[in-house]
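The structure under discussion appears below in the form of structure tokens.
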Ligand SMILES: C[S@@+](CC[C@H](N)C(=O)[O-])C[C@H]1O[C@@H](n2cnc3c(N)ncnc32)[C@H](O)[C@@H]1O
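Residue numbers (my numbering): 362 to 586.
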């Protein structure tokens, strides 16, 4: 299975450093304003898991907003998990971070035991998203929330310009990496994501484009008869 790293040509260490560096911009005040207005108070000691958690910084911030939550993070890349375990200071709850391949292993949570699942910039990388979404659906409680935040297709010139302006890439780097990553980052439109979520049994309650590259979907499990 190609990983994000092999698709981008970046090493694990390069992707890790990029995630750390861009974290404050990606999860800024506007993001948290949106997030907390749609994911309100969690039930006491609710389990909250972040899939493809990267260096653990999102879980650090999540723990500050929801200090009573029991936090878990899963990522296939050992360097990401090691960073989250060794270099992040958690003012809120300390998450349990585990190396885990979402495409291979079931989540180590009982059915219906998780209240909140988040997944940011990960699902587009996975060859087969539906089995992963089915596993998320399995662990979520009936009143649980799944927040998907992922890349959406942009026109090619806009995407290349976005890379230069937002990632600070030079013309030559943006052309090299940009052409390589355009089919990866532009794999799904907003409508495709909505269709996938619906196919997987999620109802979209809210959605927004907090930046041109990504769309966020706040969903709940569809009720079954
Ligand atoms: C673009 S990074 C996003 C990291 C984090 N969610 C964030 O927003 O900062 C994608 C992450 O997905 C992880 N990943 C890719 N394939 C995975 C898989 N099959 N199982 C678990 N994690 C995976 C990568 O290791 C990487 O940390």
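The beta-carbon is built from N, C-alpha and C at its ideal position, and this holds for glycine as well.
In summary, residue 462 is exposed, with fewer than 16 beta-carbon neighbours lying within 10 Å of its beta-carbon over all protein chains present. For residue 412, the closest C-alpha among the options 518, 441 and 397 is that of 441. Annotated as proximal: residue 446 and residue 458, with beta-carbon spacing under 7 Å. DSSP, read as helix, strand or coil, puts residue 568 in strand. Rounded to the nearest angstrom, the gap between the Cα atoms of residue 401 and residue 478 is 14 Å. Per DSSP, residue 511 lies in no alpha helix (DSSP H); the unbroken beta strand (DSSP E) holding it starts and ends at 501-512. Given a length threshold of 3 residues, each whole run of the beta strand (DSSP E) inside the stretch 433-499 is given here in chain order: 457-460 and 475-481.
At least one heavy atom of ligand 1 lies closer than 6 Å to the C-beta of residue 463. Note that the C-beta distance between residue 417 and residue 390 is not below 7 Å. Taking every protein chain shown into account, the CB of residue 496 has 16 or more other CB atoms within 10 angstroms, so this residue is buried.
Pairing residue 563 with residue 550 gives a Cβ-Cβ distance that is not under 7 Å. Assigned with DSSP and collapsed to three states, residue 403 falls in coil, not helix or strand.
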